[in-house]
Ligand code: ADP
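Below you can see the structure in the form of structure tokens.
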């Protein structure tokens, strides 16, 4: 087979580990593997190179993606995708493995509908792909968020402050939920829980009156202006309050062993599926078992927040 591999959308730690796994598993199976640079943009522009085993050595522990990633909103137009198809024909590439989030999956679905053999691998720090328990990059981002929150707890406890920490996860609160539990946050606010500002302010005030010296609030991005929220908390609750937006540091860094392992498993699995003639699917893990879901279905599945974890927060915060 002649397999193309690309990374698209937001980068995530562990993408390099997937590229490595796809290239090495492909070559081991007698395939030729082509790296496509800069996501769908590079595919359309023909930024395509055949990879050897050596081209992917020394990348396993590196964050980011050696292939680069880019956004190409015009990929929704059929005539733009036709250019991509022409490039694949030019290089005689018969199958495509794309690594990214739900936008990338939508592009993959459109390519599949055009008759191109396509497989999607979940690579995003947000853990917002419902067809897998975990996405590649989530574990590393969680690690980064926890390290930062632990540090903020030290200073917030010394100064008897409330710390509001904004983490990534626009449509999925897992990063906030998991990091909040791991770091003992008093409050966790996500797109799933919503923000009840009055209640938060009242709770913080009564905590303060009850003598609790500091408080940690972990909140997902895009819910509210956290700096304004900090001012409101300070004005109402009696706590001094600071807001910290963790931002893009959560995207970078050396992937954790969990992300590397997931990347290796899903990369090899995707190559195996192509050999079995299974395409138009998104791969993932469920209860630690490899599995695949038609991309179309993966895109409409709803993220479900763990009920057990949500209850856990209520019991131990
Ligand atoms: P992510 O994959 O991380 O969700 P984006 O939403 O930015 O990131 O999507 C990555 C790329 O996928 C886009 O730049 C575009 O090229 C492609 N894509 C997104 N939505 C569509 C769509 N509706 N049709 C075709 N391609 C799309």
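Residue numbers (my numbering): 921 to 1237.
Positions of the beta carbon are idealized from the N, C-alpha and C atoms, including for glycine.
Remember, it's a predicted structure, so these values are computed and weren't measured experimentally.
For residue i, which option in the options has the closest C-alpha, if you only look at C-alpha atoms?
i: residue 1045; options: 990, 1198, 982, 1170; result: 1170
i: residue 1039; options: 1021, 1054, 1047, 1065; result: 1021
i: residue 1050; options: 1094, 945, 1000; result: 1094
i: residue 1114; options: 1129, 1144, 1219, 1104; result: 1144
i: residue 1098; options: 1139, 1148, 928, 1174; result: 1139
i: residue 1123; options: 1199, 1111, 944, 1106; result: 1106
i: residue 1027; options: 1147, 1160, 998; result: 998
i: residue 980; options: 1110, 1001, 1180; result: 1180
i: residue 1112; options: 994, 1224, 986; result: 1224
i: residue 1218; options: 1198, 1048, 1069; result: 1048
i: residue 923; options: 1016, 1006, 976, 930; result: 1016
i: residue 1185; options: 958, 1056, 955, 1029; result: 1056
i: residue 1193; options: 976, 1004, 1214, 1229; result: 1214
i: residue 1134; options: 1072, 1190, 1164; result: 1072
i: residue 1041; options: 1030, 1174, 1024, 1096; result: 1024
i: residue 1127; options: 1117, 1164, 1082; result: 1082
i: residue 1233; options: 1172, 1136, 1178, 1141; result: 1136
i: residue 976; options: 959, 963, 1001, 947; result: 947
i: residue 1157; options: 1164, 1168, 934, 1125; result: 1125
i: residue 955; options: 1076, 991, 1007; result: 1007
i: residue 973; options: 966, 1035, 952, 1003; result: 952
i: residue 926; options: 971, 966, 1018, 986; result: 1018
Could you name the residues that DSSP lists as bridge partners for residue i?
i: residue 1203; result: 1212
i: residue 1107; result: 1137
i: residue 1176; result: According to DSSP, residue 1176 bridges with nothing at all.
i: residue 952; result: 922
i: residue 969; result: 955
i: residue 1017; result: 925, 1039
Could you name the residues of the same chain whose beta carbon sits closer than 6 Å to that of residue i, not counting the 5 residues immediately before and after it, in chain order?
i: residue 1066; result: 1099, 1102, 1103
i: residue 1032; result: 1038, 1200
i: residue 1176; result: 1059, 1060, 1063
i: residue 982; result: 936
i: residue 1212; result: 1201, 1203
Where do the ends of the alpha helix (DSSP H) carrying residue i lie?
i: residue 1162; result: It is not in any alpha helix (DSSP H) - residue 1162 instead sits in the beta strand (DSSP E) that spans 1160–1165.
i: residue 873; result: The structure shown does not extend to residue 873, since the chain is modelled only from 921 through 1237, so no value can be given for it.
i: residue 1000; result: 998–1010
i: residue 964; result: 959–965
i: residue 1148; result: 1146–1157
i: residue 1116; result: From DSSP, residue 1116 is part of no alpha helix (DSSP H); its letter is neither H nor E.
In chain order, what residues of the same chain have a beta carbon less than 7 Å from the beta carbon of residue i, not counting five sequence neighbours either side?
i: residue 1188; result: 941, 945
i: residue 1131; result: none
i: residue 1161; result: 1081, 1082, 1084, 1150, 1153, 1154
i: residue 1009; result: none
Go through its chain and collect everything with a Cβ distance to residue i's Cβ below 8 Å, but skip five positions before and after it.
i: residue 1091; result: 1046, 1048, 1111, 1223
i: residue 1166; result: 1064, 1065, 1068, 1085, 1086, 1087, 1088
i: residue 1206; result: 1052, 1053
At a cut-off of 6 Å, would you count residue i as near ligand 2, judging by its Cβ distance to the nearest heavy atom?
i: residue 1060; result: Ligands in the displayed structure: ligand 1; ligand 2 is not one of them.
Can you check the region 1026–1104 for any alpha helix (DSSP H) of at least 4 residues that lies completely inside it and give the ranges in chain order? 1058–1078, 1094–1102
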